[in-house]
Each structure stands twice: as C-alpha cells, then as structure tokens.
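Numbering (our numbering), first residue to last: 3 to 287.
All C-beta atoms in this analysis are idealised placements derived from N, C-alpha and C, irrespective of residue type, glycine included.
Computed from a prediction, not measured in an experiment: that's the story for all the values here.
Each remark here refers to the structure printed beneath this line.
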Amino acid sequence: MDTPLEQTDDIRFDETRKFLDKWSMYNLLKQHPPMVPMLPESKQFTKEHFFYFCQRYESFYIKPVNTWGGQSITRVDHFPNQLYCIRTLGQPTVWRATAFGSWWTVRKRLPLASIIQQAAPVVTWNNRMFDIRVLMQRHKSGTWMYAAMAARVGGHESIVSNIAASGGEVHDVPQLLQSLFENPSIEQKILQNLRIFSRQICTLLDSVYSFEEVGIDWGLGYDGSLWLFEVNTNDNLGGPSHELFAPLADGRIYQRIEQRSSARRLAQANEWLQIWMTELQQMTE
C-alpha cells in the first residue's frame with residue numbers, strides 16, 4: 003500500500019530488519035549539532051514540500067526511504083524557462099514539464115514513503131558525480147574503528163555516484179583529492195574530518211542499536227567542506243559493500259576489512275556457543 007510518511011520527527015527502528023530508514027536516519031543525525039551544517043535539507047515527500055523545493059532549489063532529489071543501491075532515486079532540475087527535467091536512475095526516459103506537471107510525473111512513479119532532499123552544492127570530478135565512502139567496522143572488542151575509504155565516481159551523466167547503478171568506477175581518495183584541490187592542507191583537513199565525523203556518526207548510532215558496520219557517503223563542497231549524503235548500516239538484508247574496496251591500489255585494505263569481519267563473526271559465534279553450553283549445563287544439573 004502506498005502510504006505517506008507520517009509528519010513526525012520520530013526515529014523509528016525496524017526491529018525485524020534491524021534498520022533505520024532514510025527519514026529516521028535524517029532525524030537522528032540532525033539531533034547532533036555538529037552534523038546539521040553537513041545535512042542537505044530534507045522533507046517528507048508531499049505536494050506542498052515538492053513545490054517548496056521547486057521554489058527554493060535549482061536541483062533536488064526524491065528518494066524512497068527503504069531502498070538501497072540508488073534504486074528509484076529521481077533528480078529534478080529547474081531550467082530558466084520554468085521547465086523541469088526529471089531523471090530517474092536506471093530509466094532512460096527524461097521528462098520535461100512545468101512544476102505542476104513535474105509533481106504528477108514523480109507522484110505516479112515514486113512511493114509516498116519517500117523524502118525530498120536538496121542537491122548539495124558539491125564538486126564533481128571530470129563533470130561526473132562522486133562521493134567518498136568511509137567504511138567503519140566494529141572491532142571484536144566492541145569499539146568502532148576506521149577501516150577504509152574509497153571515492154565512488156559515477157558513470158557519465160549519471161545522477162548518482164553508486165558504482166553498480168551508474169557504471170562508474172572506484173578511485174583512491176588521496177589521488178582524487180590532489181586532482182581537485184591544489185592546497186595540500188585542504189586535502190589533509192578533508193581526510194581528517196572524514197574520519198572524525200564518521201566516528202561521531204557511529205557513536206550516535208550506538209544510541210539506537212549496536213550495528214557492526216557502517217558505510218558513510220560524503221560529498222565535498224568547493225571549499226573542501228563535507229556534505230553528508232547517506233549512512234548505510236548492516237541489517238538483516240545485508241550490509242555496506244566490502245567489494246567496493248577491492249580495486250584500490252593497496253590490496254591489503256580489502257584483505258583487512260574481510261579479516262576484521264571474519265574475526266568479529268568468530269568472536270560472536272564463540273560467545274553464543276558459551277551461552278548455549280552454560281544454559282545446557284544448567285538444564286542438566
């Protein structure tokens with residue numbers, strides 16, 4: 003059933019899937035003041051909010067709240083002649099219509115359980131969309147640790163940087179930053195901030211659930227500032243991609259990611275086994 007998001011700022015955790023949808027994630031993040039300047043403005047998908055974004059921004063996205071991998075993401079771009087260009091990922095059709103016509107076009111194609119999000123003013127690489135995926139892993143000791151980062155560069159004319167969805171490729175972050183910013187101090191500050199704020203997000207998520215892996219997608223402003231695009235956590239349907247990091251020049255990065263994941267699963271299995279054996283012993287006494 004196509005039902006709208008409730009007009010609330012609640013943070014609702016799906017106990018069955020072990021999942022926060024995009025709207026709940028946004029509501030959680032905006033409670034942390036240091037994150038607020040990095041969050042693109044987002045609202046529930048309604049007719050009122052659609053026209054608000056048409057008036058306020060040249061470009062914005064509409065994203066179903068429960069999908070991943072760029073599924074059904076739509077971008078709306080405003081042209082000077084009061085027409086709007088509508089592009090949906092994975093669909094070759096490009097629609098051009100007035101604001102009113104655009105509303106009905108996207109309303110027929112997207113579920114009401116979606117969010118509208120400002121297209122942040124970010125830099126591109128060779129006129130291609132990109133973001134930086136930071137992978138955080140929970141150590142077998144229970145603490146969060148930085149695992150890796152990779153630049154995801156979308157395919158030509160893609161509206162997103164997701165590799166599988168757009169036919170893009172992976173780049174090493176330092177090399178990409180060097181091609182974008184001439185000042186080495188800006189590059190170092192970006193790398194430092196990516197780690198600092200990614201760890202803060204993981205700590206914030208701990209207030210909701212003890213996730214094991216978090217993949218955080220960042221965009222870059224023209225001055226090197228950070229824009230937070232997406233936070234992806236492991237859930238019962240899967241988790242952030244490890245394979246994304248396999249193409250990096252340093253092959254040890256991918257190997258270590260896999261080793262940490264295996265070590266954590268082994269530690270969990272041993273813990274569950276000890277609990278089971280203790281309960282079995284108590285039953286036989």
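7 angstroms Cβ cutoff met for arginine 130 and glycine 156: yes
Alpha-carbon spacing of lysine 32 relative to valine 38, whole angstroms: 5 angstroms
Any 3 or more C-beta pairs closer than 8 angstroms across the region 253 to 264 and the region 168 to 176: no
Valine 233, buried or exposed, once every other Cβ within 10 Å from all chains shown has been counted against 16: buried
Proline 66 in three-state terms, based on DSSP: strand
Of the listed residues His244, Leu230, Ile161, nearest to asparagine 236 (C-alpha basis): His244
Contacts around valine 210, its chain only, beta-carbon distance under 6 angstroms, and the 5 residues preceding and following it disregarded: Phe15
Minimum Cβ-Cβ distance from arginine 135 to chain B less than 7 angstroms: No chain B appears in this structure, which consists of one protein chain only.
Pairwise C-alpha distance: alanine 269 and methionine 279: 15 angstroms
Alpha-carbon spacing of glutamine 180 relative to glycine 223, whole angstroms: 15 angstroms
Whole-angstrom distance between glutamate 189 and alanine 153, CA atom to CA atom: 14 angstroms
Whole-number beta carbon distance between glutamine 119 and serine 61, since they are thought to touch under 8 angstroms: About 10 angstroms separates the two Cβ atoms, so there is no contact after all.
Proximity to aspartate 219 [Cα-Cα], best of Met40, Ser26, Ile13, His158: Met40
Segment limits, alpha helix (DSSP H) that includes glycine 103: 101 to 111
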